[in-house]
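Student: In this note's numbering, the protein residues as written are 4 to 665. Dumping the structure here so I can ask a few things about it.
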């Protein structure tokens, strides 16, 4: 429920509760359906908080977990407020009214992701305020059993066009909190693209290394060993993508907008829209353990429903990909056919043709599509998103930016029989590029073309709204074995952090299972690489390596790669700690796939006995062999409850498929 405390009750609370407010200050509280999470909003003079001067009332909020005397503050009192070009909604606000609390309770289905059947259940309330000029702003609150979310709404006067200059939204964490954060890219020819390394166990309040700040999502571990993940959801073309500012004095992380130089300097920093207008949701996930983070669907829960009335043509799958092992291959029809043959041999659904395929004869792609079709394999094609927002010369470019040209191209794709596209090099979170993402997705839906974004922004729930968005990059992935000399030494630890941060908020095109050595040889084991196909979730799994690397595998390993799904019915956290190791379990139908990777230089044994695994199972397991670089396979029967332990070698891993035993 939501409560507005009267003055007499506030005075009484002062005697008993250290969080109570001074007499006359307004406070509202919204509790989750199970009562375990509350978000409180107050109108108060908190002089000194966030560096604000005293003597003026402003809006603040905080988040708590637990019941009554056992509550813990997850987010300490933090500022709210939003500033438009025409006027501010920061100081001098007057409370007007609040809505009746309503229960949000809906079920929806995902075509791909960590869970197929999802339930969006929360309590929602709307607080209405007016500034000194009489203009209104609404604060929409939601309290979930595993987190909270809020956003601003401008509803009147309808038809007014306005620009937001800044949000004063911030997140203040308790002392002794530690964080896992990704420094945001500074604007350049190829950035921002959310491709820096996460920093592990950073003391709360540490400033970002560069003025560009910190990327979403950010993971925090509180002094009570509870977990928070802060991100945003429900972004559309009416706004820009946000992140956190560089400084975090007093443990206060402030929201900030894109840099002017992003997207080759094209587009405005300030988002502009016509009222009524909602900002994206500001999201705080919570879990007493990491299960509450890994298994959460809050980002898609808070996003609009699917725009598709018929999504039967949206088909997740596994993809052979030639560029990682042979960058010139997209210009070579014979090589491309060999990767189609690989997909056919492995039982994978697709093969991707990457950049510069337009340098082949004009009939090369139609002929490749026909050849692949005869093998039961679909073709995916790469595109440069530019446009004036990038200067990257890889081709084809200028076919996805202009709507008329884009729709002509998509008609050709559909006529030829191409199943999907990979669109690359966006390099901006400004509103104009967010609109470009959305326009590509809407046109692709009309022509029944599936989509993968690269060189792109972070997922913010679009896979629910646009189920044909199969995956997004926004990760420092396996291609860095070509570009980054430091990558091999950092990859094992990096992979264990991604499972608790970047991949929590949406599909991640890491391009896993790179078994061969590229320019900078990997130091992770083969079983580690194999496990990434399960530990990382993506509607399309682009397998990075060459045909010989996969076709030369042992029968057990080949069988696993032929069977591993790309869309899941359920995901469970088994064990792990970001930066050290991770073990996840994902279910498809009646089968469970359990996989783990070790991010440390010493071996680790993990116990797989978990409550969601009961009864008798047939198990197929692949681990690292005693000899470096090799794998060992075994099949056996196991019953849960019961002990099953797996040893992971340094920088190693394992996969385990469990099938019900009859």
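Glycine included, each C-beta is placed from N, C-alpha and C at the ideal position.
Use the C-beta contact count for residue 531: other C-beta atoms within 10 angstroms, 16 or more gives buried, fewer gives exposed.
Tutor: Taking the first residue of the chain shown as 1, we reach residue 531 at position 528. With 16 or more Cβ atoms within 10 Å of its Cβ, residue 531 is classed as buried.
Student: Taking all protein chains shown into account, decide if residue 58 is buried (16 or more other Cβ within 10 angstroms of its Cβ) or exposed.
Tutor: One-based indexing of the chain shown puts residue 58 at position 55. Exposed, since its Cβ has fewer than 16 Cβ neighbours within 10 Å.
Student: Tell me which same chain residues have a C-beta within less than 8 Å of the C-beta of residue 356, skipping the five on either side of it?
Tutor: In the chain shown, residue 356 corresponds to position 353, counting from 1. So the qualifying residues of the chain are 325, 333, 339, 368, 371, 382, 383, 384 and 385.
Student: Run the CB neighbour count on residue 85, radius 10 Å, all protein chains shown included, and call it buried at 16 or more, exposed below.
Tutor: Position 82 of the chain shown, counting from 1, holds the residue named residue 85. Buried.
Student: Which of the three DSSP states, helix, strand or coil, is assigned to residue 596?
Tutor: Translated into the one-based positions of the chain shown, residue 596 becomes position 593. Looking at residue 596 - three-state DSSP - the assignment turns out to be strand.
Student: With a cut-off of 8 Å on the beta carbons, I'd call residue 247 and residue 259 a contact; round off their distance for me.
Tutor: In the chain shown, the residue the question calls residue 247 occupies position 244. In the chain shown, the residue the question calls residue 259 occupies position 256. That pair is a contact at about 7 Å.
Student: Please classify residue 170 as buried or exposed, where buried requires at least 16 neighbouring CB atoms within 10 angstroms.
Tutor: The sequence position of residue 170 within the chain shown is 167, counting from 1. So residue 170 counts as buried.
Student: Reducing DSSP to helix, strand and coil, say where residue 442 ends up.
Tutor: For the purposes of this step, residue 442 is taken as the residue at position 439 of the chain shown. Helix, per DSSP.
Student: Check each candidate in 54, 87, 42 and 95 and name the one with the smallest Cα separation from residue 70.
Tutor: Here residue 70 refers to the residue found at position 67 of the chain shown. Residue 70 has its Cα closest to that of 42, out of 54, 87, 42 and 95.
Student: So is residue 544 buried or exposed if we call it buried at 16+ other beta carbons inside 10 Å?
Tutor: Working through the chain shown from its first residue, we reach residue 544 at position 541. Counting Cβ neighbours within 10 Å, residue 544 comes out buried, since at least 16 surround it.
Student: Exposed or buried, residue 160, counting other C-beta atoms within 10 Å across all chains shown (16 or more means buried)?
Tutor: What you label residue 160 is simply residue 157 of the chain shown in a count that begins at 1. Exposed, by the Cβ-count rule.
Student: Where does residue 150 fall in DSSP's three states?
Tutor: Mapped onto the chain shown, residue 150 falls at position 147. Residue state, collapsed to three classes: strand.
Student: In the DSSP output, what is residue 44 paired with across the bridge?
Tutor: On the chain shown, position 41 is the one that residue 44 refers to. Beta-bridge pairing links residue 44 to 31 and 64.
Student: Just checking, does the region 443-453 make contact with the region 467-479 on the three C-beta pairs under 8 Å criterion?
Tutor: With a cut-off of 8 Å, the region 467-479 and the region 443-453 count as touching, because enough Cβ pairs lie within range.
Student: Kindly list the residues whose CB is nearer than 6 Å to the CB of residue 215, restricted to its own chain and excluding five residues on each side of it in sequence; keep chain order.
Tutor: The residue labelled residue 215 in the question sits at position 212 within the chain shown. Counting only Cβ-Cβ distances below 6 Å, and skipping sequence neighbours, we find 187 and 189.
Student: How big is the Cα-Cα spacing for residue 327 and residue 134?
Tutor: Taking the first residue of the chain shown as 1, we reach residue 327 at position 324. Taking the first residue of the chain shown as 1, we reach residue 134 at position 131. Rounded to whole angstroms, residue 327 to residue 134 spans 56 Å at the Cα level.
Student: Which complete beta strand (DSSP E) runs does the region 153-220 hold, if anything under 3 residues is left out?
Tutor: Whole beta strand (DSSP E) segments, 3+ residues: 164-170, 173-175, 181-186 and 202-206.
Student: Quick check: residue 289 and residue 231, are their CB atoms within less than 8 Å of each other?
Tutor: Sequence index remark: in the chain shown, residue 289 carries index 286 (1-based). Sequence index remark: in the chain shown, residue 231 carries index 228 (1-based). Yes, the Cβ-Cβ distance between residue 289 and residue 231 is below 8 Å.
Student: Can you tell me where the alpha helix (DSSP H) with residue 530 in it begins and where it stops?
Tutor: What you label residue 530 is simply residue 527 of the chain shown in a count that begins at 1. Residue 530 -> alpha helix (DSSP H) spans 529-538.
Student: Would you mind reading off the limits of the beta strand (DSSP E) that contains residue 505?
Tutor: As a first step, residue 505 must be located in the chain shown, where it is residue number 502. No beta strand (DSSP E) contains residue 505, which DSSP labels as neither H nor E.
Student: Kindly confirm or deny that the region 420-430 and the region 454-461 touch, where touching means at least three C-beta pairs closer than 8 Å.
Tutor: Cβ pair count under 8 Å is three or more, so yes.
Student: Nearest CA to the CA of residue 496: which residue from 467, 583 and 486?
Tutor: The residue you call residue 496 lines up with position 493 of the chain shown. Closest by alpha carbon: 583.
Student: In its own chain, which residues sit with a C-beta less than 7 Å from the C-beta of residue 432, not counting the 5 before and 5 after it?
Tutor: As a first step, residue 432 is located in the chain shown; it is residue number 429 there, counting from the start. If we look at residue 432 and ignore the five residues flanking it on each side, its Cβ neighbours are 195, 243, 244, 261, 265 and 460.
Student: Give the C-beta separation of residue 664 and residue 527 to the nearest angstrom, bearing in mind that I take them to be a contact with Cβ-Cβ under 8 Å.
Tutor: Position 661 of the chain shown, counting from 1, holds the residue named residue 664. Position 524 of the chain shown, counting from 1, holds the residue named residue 527. Residue 664 to residue 527, Cβ: 32 Å. No contact.
Student: When DSSP builds the beta bridges, which residues end up paired with residue 100?
Tutor: Taking the chain shown and counting its residues from 1, one reaches residue 100 at position 97. Its beta-bridge partners are 131.
Student: Where residue 380 and residue 434 are concerned, what is the direct C-alpha to C-alpha distance, given to the nearest angstrom?
Tutor: Sequence index remark: in the chain shown, residue 380 carries index 377 (1-based). Sequence index remark: in the chain shown, residue 434 carries index 431 (1-based). Distance between the alpha carbons of residue 380 and residue 434: 37 Å.
Student: With a threshold of 6 Å on Cβ separation, who are the neighbours of residue 624 within its own chain once the five nearest residues in sequence on each side are excluded?
Tutor: As a first step, residue 624 is located in the chain shown; it is residue number 621 there, counting from the start. So the qualifying residues of the chain are 637 and 659.
Student: Checking 8 Å against the spacing of the C-beta atoms, do residue 319 and residue 131 come in under that value?
Tutor: Here the question's residue 319 lines up with position 316 in the chain shown. Here the question's residue 131 lines up with position 128 in the chain shown. Cβ distance not < 8 Å, so residue 319 and residue 131 don't count as in contact.
Student: Taking C-alpha atoms, which residue in 436, 417, 376 and 605 lies nearest to residue 404?
Tutor: What you label residue 404 is simply residue 401 of the chain shown in a count that begins at 1. Checked all of 436, 417, 376 and 605; the closest Cα to residue 404 is 436.
Student: Please go through the same chain and pick out, in chain order, the residues whose beta-carbon is closer than 6 Å to the beta-carbon of residue 307, but skip the five residues on each side of it.
Tutor: Taking the chain shown and counting its residues from 1, one reaches residue 307 at position 304. Closer than 6 Å at the Cβ level, and outside the excluded window around residue 307, lie 468.
Student: Answer yes if the region 225-241 comes into contact with the region 166-182, meaning at least three C-beta pairs across the two stretches below 8 Å, and no otherwise.
Tutor: Judged by Cβ distances under 8 Å, the region 166-182 makes contact with the region 225-241, as three or more pairs qualify.
Student: For the beta strand (DSSP E) containing residue 575, name the first residue and the last one.
Tutor: In the chain shown, residue 575 corresponds to position 572, counting from 1. Residue 575 -> beta strand (DSSP E) spans 573-580.
Student: Look at the alpha carbon of residue 647 and the alpha carbon of residue 620, and state the distance between them as a whole number of angstroms.
Tutor: Counting from one through the chain shown, the residue named residue 647 turns up at place 644. Counting from one through the chain shown, the residue named residue 620 turns up at place 617. Distance between the alpha carbons of residue 647 and residue 620 is about 12 Å.
Student: What's the C-alpha gap between residue 22 and residue 53?
Tutor: Here residue 22 corresponds to residue number 19 of the chain shown, with the count starting at 1. Here residue 53 corresponds to residue number 50 of the chain shown, with the count starting at 1. Any reading at residue 22 must be qualified, since the residue scores a pLDDT of 32, below 50, and its modelled position is unreliable; the value itself is stated next. Between residue 22 and residue 53, the C-alpha separation is close to 18 Å.
Student: Spell out the partners DSSP gives residue 381 in its beta bridges.
Tutor: Reading the chain shown from its first residue, position 378 is the one you call residue 381. According to DSSP, which records beta bridges pairwise, residue 381 is partnered with 353.
Student: Whose C-alpha, out of 210, 604 and 236, is nearest the C-alpha of residue 219?
Tutor: Within the chain shown, the letter at position 216 stands for residue 219. Nearest of 210, 604 and 236 to residue 219, Cα basis: 236.
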